[in-house]
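In this note's numbering, the protein residues as written are 1012 to 1319.
Note that the Cβ used here is the ideal one computed from N, Cα and C, for glycine as well.
Bear in mind the structure is a predicted one, so any value in this text is a computation, not a measurement.
Everything below concerns the one structure shown next.
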């Protein structure tokens, strides 16, 4: 298929065909990464890439920067603490300033839901959403799907159990949308105070008891309690959460023998996941990081017209 999108803002309106196309292109880049063959990748030496991050990040930001460098782009990173943002400059003016300097593509992370779409509507540059508020995190979801596809050989019919703080985790929303439209069975598990009814409208099925939810699971996707985004009192304590919803070796026995465990990180070991699981044979946590570079390379490549 021919790629026609200027930006990638979310997965709600992205078709299954487009998702498969991204994953197939990423597969080619993953092969080159594993073989240390990135020098042979088509380059965009005259293009400028900026990671416009207003929130803290390790994996997403560095993954984007490495992906862009692998494709030959000039890469610049942005810090709100050391730029005119600290003086009160607006998001709009910051983007227009960088655009005037010749930036061709932005990866933006911002605390305001809808920020990536707002910027995409006000700049001719390409925009990749690296997380907007509690709305979406599409590139995380794409690397999650790539990891599942690589591990299971398919997405259709795969039972994926998402365990955690859904209401405050943007990758949960993106994954529920995307995995459902790709034919996966999406089960949502966590404290009822952290799973609003809208998630069932997105294609997920709520199961409150974690051991019941994990029965016959192909994939367990767990993520941390995001206390920095919560109102007080939604969860009594991290210890209480871990007791009822933490993924440990004992709970893995409820899933299929070949279950794989995913986590978008950062992990709070001993809370939502034990070290024994995170570092165990079922875990693909660090493989996901490699896959993130491949997927983000694919997206930059497609948005900049690499196929043409």
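From the listed residues 1203, 1017, 1071, the smallest Cα separation to residue 1301 is found for 1071. Residue environment: residue 1149 is assigned as buried (16 or more neighbouring CB atoms within 10 Å of its CB, all protein chains considered). By the neighbour-count definition (other C-beta atoms within 10 Å, threshold 16), residue 1058 is a buried residue. The stretch 1212-1228 makes contact with the stretch 1193-1202, as at least three CB pairs between them are under 8 Å.
Restricting attention to beta strand (DSSP E) runs no shorter than 3 residues, the stretch 1113-1147 encloses them at 1116-1121, 1137-1143, ordered along the chain. Cβ atoms of residue 1054 and residue 1082 come within 8 Å of each other, at about 6 Å. Proximity of the stretch 1034-1046 to the stretch 1094-1102 falls short of the contact definition, fewer than three beta-carbon pairs being nearer than 8 Å. With a cutoff of 7 Å on beta-carbon distance, residue 1066 and residue 1120 are scored as near each other.
As the crow flies, the alpha-carbon of residue 1228 is around 16 Å from that of residue 1187. When DSSP states are grouped into helix, strand and coil, residue 1278 belongs to the coil group. Around the beta carbon of residue 1202, 16 or more other beta carbons lie within 10 angstroms, which makes this residue buried. Boundaries of the alpha helix (DSSP H) harbouring residue 1042: 1027-1045, taken from the DSSP string. Counting C-beta atoms within 10 angstroms of its own C-beta, residue 1297 has fewer than 16 neighbours from the protein chains shown and is therefore classed as exposed. Excluding residues up to 5 positions away in sequence, 1286, 1289 lie with their Cβ nearer than 7 Å to the Cβ of residue 1280 in the same chain. Residue 1037 sits away from residue 1060, with the two beta carbons spaced by 7 Å or more.
DSSP places residue 1170 within a strand segment (E or B) once states are collapsed to three. Boundaries of the alpha helix (DSSP H) around residue 1190: 1181-1192. In the DSSP assignment, no residue is bridged to residue 1298. For residue 1318, the number of other beta carbons within 10 angstroms of its own is below 16, and it is reported as exposed.
The alpha carbon of residue 1136 has as its nearest neighbour, out of 1173, 1027, 1017, the alpha carbon of 1017.
The beta carbon of residue 1140 sits closer than 7 Å to those of 1019, 1020, 1021, 1119, 1127, 1147, 1149, all from its chain and outside the five residues before and after it, given in chain order. Around the Cβ of residue 1275, a 10 Å sphere holds 16 or more other Cβ atoms; the residue is buried. Under the three-state reduction of DSSP, residue 1259 is assigned to coil, being neither helix nor strand. Leaving aside the five residues that flank residue 1160 on each side, the residues in its chain whose CB is nearer than 7 Å to its CB run, in chain order, 1034, 1166. For residue 1271, the three-state secondary structure derived from DSSP is strand. Residue 1179 and residue 1145 have their alpha carbons spaced roughly 6 Å apart. The residue from 1115, 1110, 1182 with its alpha-carbon nearest to that of residue 1124 is 1182.
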